[in-house]
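A short worksheet on the structure shown next.
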Amino acid sequence: MNHTSLEQSKKLTELGLPTNTSDLWLTEFQPLKQEGWKLVPDGEKFVTVNSYKPTEAALADYKFTPCWSVAALTNVMAKRVRRQDGTRPFVIEISRGMYRFSGFYDIDHKTPFYDELIDAAFDMACWLLKNGFITKEE
63 MNHTSLEQSK
73 KLTELGLPTN
83 TSDLWLTEFQ
93 PLKQEGWKLV
103 PDGEKFVTVN
113 SYKPTEAALA
123 DYKFTPCWSV
133 AALTNVMAKR
143 VRRQDGTRPF
153 VIEISRGMYR
163 FSGFYDIDHK
173 TPFYDELIDA
183 AFDMACWLLK
193 NGFITKEE
């Protein structure tokens, strides 16, 4: 997967990542079937990914969740971050080792290894948001 999942997208939004930085939109659908005169749920919900921003009318009819590709998520991360105490800045970097990905953002802070690049980027973005290194949406 090369974009944040529905759960990851909701978490980033809760943490205050500006939704105007997203480049994709997720929509959750519930399949329906007709039983007599009623429409009833049929099967499990599924999520679709859209690369266009929904119109106001679509936003009123459906629940869209902003979603980030790896590129969009790394674009909101600074390449260098100055520490709050004014000491040397640290570098934001995602590295690959033996087909797994890890985020490195400080000598004391490193993400675990992930099989998917988006998971390392998501982990880093959460840490940066929680620690005030990404400007949050008001």
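Residues in the sequence shown are numbered from 63 upward in steps of one, following the working numbering.
Glycine residues also receive a C-beta, built at the ideal position from the N, C-alpha and C atoms.
The structure displayed is predicted, hence computed values, not measured ones.
Element boundaries [alpha helix (DSSP H), containing residue i]
{"i": "Gly184", "result": "Here residue 184 turns out to be Phe, not Gly, going by the sequence shown. Note, Phe184: alpha helix (DSSP H), Leu179 to Lys192."}
{"i": "Asn137", "result": "Val132 to Asn137"}
Nearest residue (CA-CA) to residue i, options the options
{"i": "Leu79", "options": "Phe175, Trp130 and Tyr176", "result": "Trp130"}
{"i": "Lys198", "options": "Tyr114, Val138 and Asp177", "result": "Val138"}
{"i": "Tyr124", "options": "Thr136, Glu97, Glu106 and Trp87", "result": "Trp87"}
{"i": "Phe108", "options": "Tyr176, Lys100, Ala119 and Pro93", "result": "Pro93"}
{"i": "Asn82", "options": "Lys115, Gly98 and Lys100", "result": "Lys115"}
{"i": "Val111", "options": "Glu178, Trp189 and Thr89", "result": "Thr89"}
{"i": "Phe195", "options": "Asp181, Lys100, Thr136 and Glu69", "result": "Thr136"}
Local conformation of residue i per DSSP, three classes
{"i": "Lys73", "result": "helix"}
{"i": "Leu68", "result": "helix"}
{"i": "Thr127", "result": "strand"}
{"i": "Glu106", "result": "coil"}
Span of the beta strand (DSSP E), counted from its first residue to its last, around residue i
{"i": "Phe91", "result": "Leu86 to Phe91"}
{"i": "Leu79", "result": "First-last for Leu79: undefined, no H or E at that position."}
{"i": "Lys95", "result": "Leu94 to Glu97"}
Residues of its chain near residue i, where Cβ-Cβ distance is below 8 Å and the 5 sequence neighbours each way are ignored
{"i": "Lys192", "result": "Leu77"}
{"i": "Tyr188", "result": "Correcting the residue type first, residue 188 is Cys in the shown sequence and not Tyr. Lys73, Leu74 and Leu77, listed in sequence order."}
{"i": "Glu118", "result": "none"}
Cut-off 7 Å between Cβ atoms - residues of its own chain near residue i, not counting five sequence neighbours on either side
{"i": "Lys72", "result": "Thr127"}
{"i": "Ser113", "result": "Leu86"}
{"i": "Asp104", "result": "Pro93, Leu94 and Lys95"}
{"i": "Val102", "result": "Leu94 and Lys95"}
{"i": "Phe91", "result": "Lys107, Phe108 and Thr110"}
{"i": "Ile180", "result": "Met63, Asn64, His65, Thr66 and Val132"}
Cut-off 6 Å between Cβ atoms - residues of its own chain near residue i, not counting five sequence neighbours on either side
{"i": "Gln70", "result": "Phe184"}
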